[in-house]
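A.B. asks: If you count by our numbering, then the sequence shown holds residues 43 to 199, one letter each, in order.
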Amino acid sequence: MFLNALAVFVAQYLYLFALLIAAIFFFTQTKAVMKNMAICGVIIAPLAYVVSRISSLFYYDPRPFVVGHFVPLIAHAADNGFPSDHVLLTGAVAMIVWFYNKKLSVVLWALALLIGWARVFVGVHHWTDIIGNIVMVIVSGVVYSVIMKNQKTVTVQ
């Protein structure tokens, strides 16, 4: 019973905590770092989102509660489970922070994985949905690196 309640909370609300952590980090940086992080975010987040939407047109993954004929722990539409928006958002934030603080990024990636576990546990996603999101976000980060390779940026470690 406690595990169910914890999973429901994590699946629905933990991404807000990850956003709060990233926002606090962002607003405690110098203006130059904030500017570079904003540029990073403007590239990575939309790119990951667009890739996820295009991918969902080519890959349909019925939600676990649909194929397993059970009631999930949280109410959800019986639509395409791929991708997980919660994991996509949290992963994008973790990827953005990666370029400025590796240790904090690892914490945010751990939260993204915990959210992914919870989304699977409550019955609204399969692991393929979660792993697909992580791959899309990492690819978006690689694209950002390639774009910015020859640009002068300010980083913090």
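Just so it is clear, CB atoms sit at the ideal spot from N, CA and C, and this is done for glycine as well.
Spatial neighbours of L150 within its chain, please: CB distance less than 8 Å, with the 5 preceding and 5 following residues excluded, ordered by chain position.
C.D. replies: Taking the first residue of the sequence shown as 1, we reach residue 150 at position 108. Result list for L150: A60, I63, A64, T132, V135, A136, V139, in chain order.
A.B. asks: Ignore the nearest five residues each way along the sequence and tell me which others in S97's own chain have a CB closer than 8 Å to its CB.
C.D. replies: Numbered from its first residue, the sequence shown carries residue 97 at position 55. The answer, listed in chain order, is F124, P125, G174, M178.
A.B. asks: If I'm right that V52 touches A154 with Cβ under 8 Å, what's the distance once you round it to whole angstroms?
C.D. replies: As a working note, residue 52 is residue 10 in the sequence shown. As a working note, residue 154 is residue 112 in the sequence shown. Contact flag wrong, Cβ pair sits at about 11 Å.
A.B. asks: What does the Cβ neighbour count give for M79, buried or exposed, with the cut at 16 atoms within 10 Å?
C.D. replies: Against the sequence shown, residue 79 aligns to sequence position 37. Buried, because 16 or more other Cβ atoms sit within 10 Å of the Cβ of M79.
A.B. asks: Got a sec? Which residues, its chain only, sit under 7 Å from Q54 by beta carbon, not counting five neighbours each side?
C.D. replies: Reading the sequence shown from its first residue, position 12 is the one you call residue 54. If we look at Q54 and ignore the five residues flanking it on each side, its Cβ neighbours are I116.
A.B. asks: Determine the DSSP secondary structure at N122, reduced to helix, strand or coil.
C.D. replies: Mapped onto the sequence shown, residue 122 falls at position 80. DSSP places N122 in strand when its eight states are reduced to three.
A.B. asks: Among F67, P104, K73, V164, which one has its Cα closest to the Cα of A47?
C.D. replies: The residue labelled residue 47 in the question sits at position 5 within the sequence shown. Of F67, P104, K73, V164, the residue nearest in Cα terms is V164.
A.B. asks: State the Cα-Cα distance for the pair I86 and F107, rounded to the nearest angstrom.
C.D. replies: The sequence position of residue 86 within the sequence shown is 44, counting from 1. The sequence position of residue 107 within the sequence shown is 65, counting from 1. Looking at the two C-alpha atoms, the distance is approximately 31 Å.
A.B. asks: Please classify P104: does DSSP put it in a helix, a strand, or coil?
C.D. replies: Taking the first residue of the sequence shown as position 1, residue 104 is located at position 62. If DSSP states are grouped into helix, strand and coil, P104 belongs with the strands.
A.B. asks: Can you give the beta carbon distance from V129 to I172, rounded, assuming they're within the 8 Å contact cut?
C.D. replies: Working through the sequence shown from its first residue, we reach residue 129 at position 87. Working through the sequence shown from its first residue, we reach residue 172 at position 130. Correct: roughly 5 Å between the Cβ atoms.
A.B. asks: So what does DSSP say about H128, is it helix, strand or coil?
C.D. replies: As a first step, residue 128 is located in the sequence shown; it is residue number 86 there, counting from the start. Correct three-state label for H128: helix.
A.B. asks: Just the C-alpha distance for G183 and F100, rounded to the nearest angstrom, thanks.
C.D. replies: Within the sequence shown, numbered from 1, the residue matching residue 183 stands at position 141. Within the sequence shown, numbered from 1, the residue matching residue 100 stands at position 58. Whole-angstrom Cα-Cα distance: 22 Å.
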